[in-house]
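Under this note's numbering, the first residue of the sequence shown carries the number 89, and numbering increases by one thereafter. Input: a single structure, listed below in structure tokens.
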Amino acid sequence: MMTEFLRLANDETLSLLRETHWYHQGQPSVKEWQIVDGHGHVTGAVTLQDRMNLRRSYSGDYRLTQRNCEGEIVVDRLINLV
Numbered sequence: 089m090m091t092e093f094l095r096l097a098n099d100e101t102l103s104l105l106r107e108t109h110w111y112h113q114g115q116p117s118v119k120e121w122q123i124v125d126g127h128g129h130v131t132g133a134v135t136l137q138d139r140m141n142l143r144r145s146y147s148g149d150y151r152l153t154q155r156n157c158e159g160e161i162v163v164d165r166l167i168n169l170v
């Protein structure tokens, strides 16, 4: 699952914010989550972009980006989900 690539504390969970689909260029989509701690505070965000294989220079099908609450990138990986 995608959570194995993220840096999450034991009490943090993902809450889906939105899912956007573009109906061009092979119908790519972007999913965005908030990272919420055990007290209900937002501690970061996660973005998953698919259809990364449309460009030959990318080695993964998805781009996974995690940001902390200051907006700094914590994780930025190209991955293949099965």
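C-beta atoms are modelled at their ideal positions from N, C-alpha and C, and glycine is treated no differently. None of these values were measured; they are calculated from a predicted model.
Where does residue i fall in DSSP's three states?
i      : result
Glu92  : helix
His129 : coil
Trp121 : strand
His112 : coil
Closer than 6 Å by C-beta to residue i: which residues in its own chain qualify, once you throw out the five before and the five after it? Chain order, please.
i      : result
Val118 : Thr108 and Gln137
Thr172 : Because residue 172 is not part of the residues shown, which for the chain are 89 to 170, the question remains open.
Leaving out the 5 sequence neighbours to the left and right, which residues in its chain are closer than 8 Å to residue i when beta-carbon positions are compared?
i      : result
Asn168 : Gly148, Asp149 and Tyr150
Val213 : Coverage of the chain is limited to positions 89 through 170, which leaves residue 213 absent and any answer about it impossible.
Going straight from the alpha carbon of residue i to that of residue j, what length do you get?
i      : j      : result
Gln122 : Tyr111 : 25 Å
Gly132 : Pro116 : 24 Å
Leu94  : Gly128 : 19 Å
With a CB to CB cut of under 7 Å and the five nearest residues on each side skipped, what residues in its chain are close to residue i?
i      : result
Ser103 : Trp121, Gln122 and Val124
Where DSSP assigns a beta bridge to residue i, which residues make up the other side?
i      : result
Val163 : Gln154
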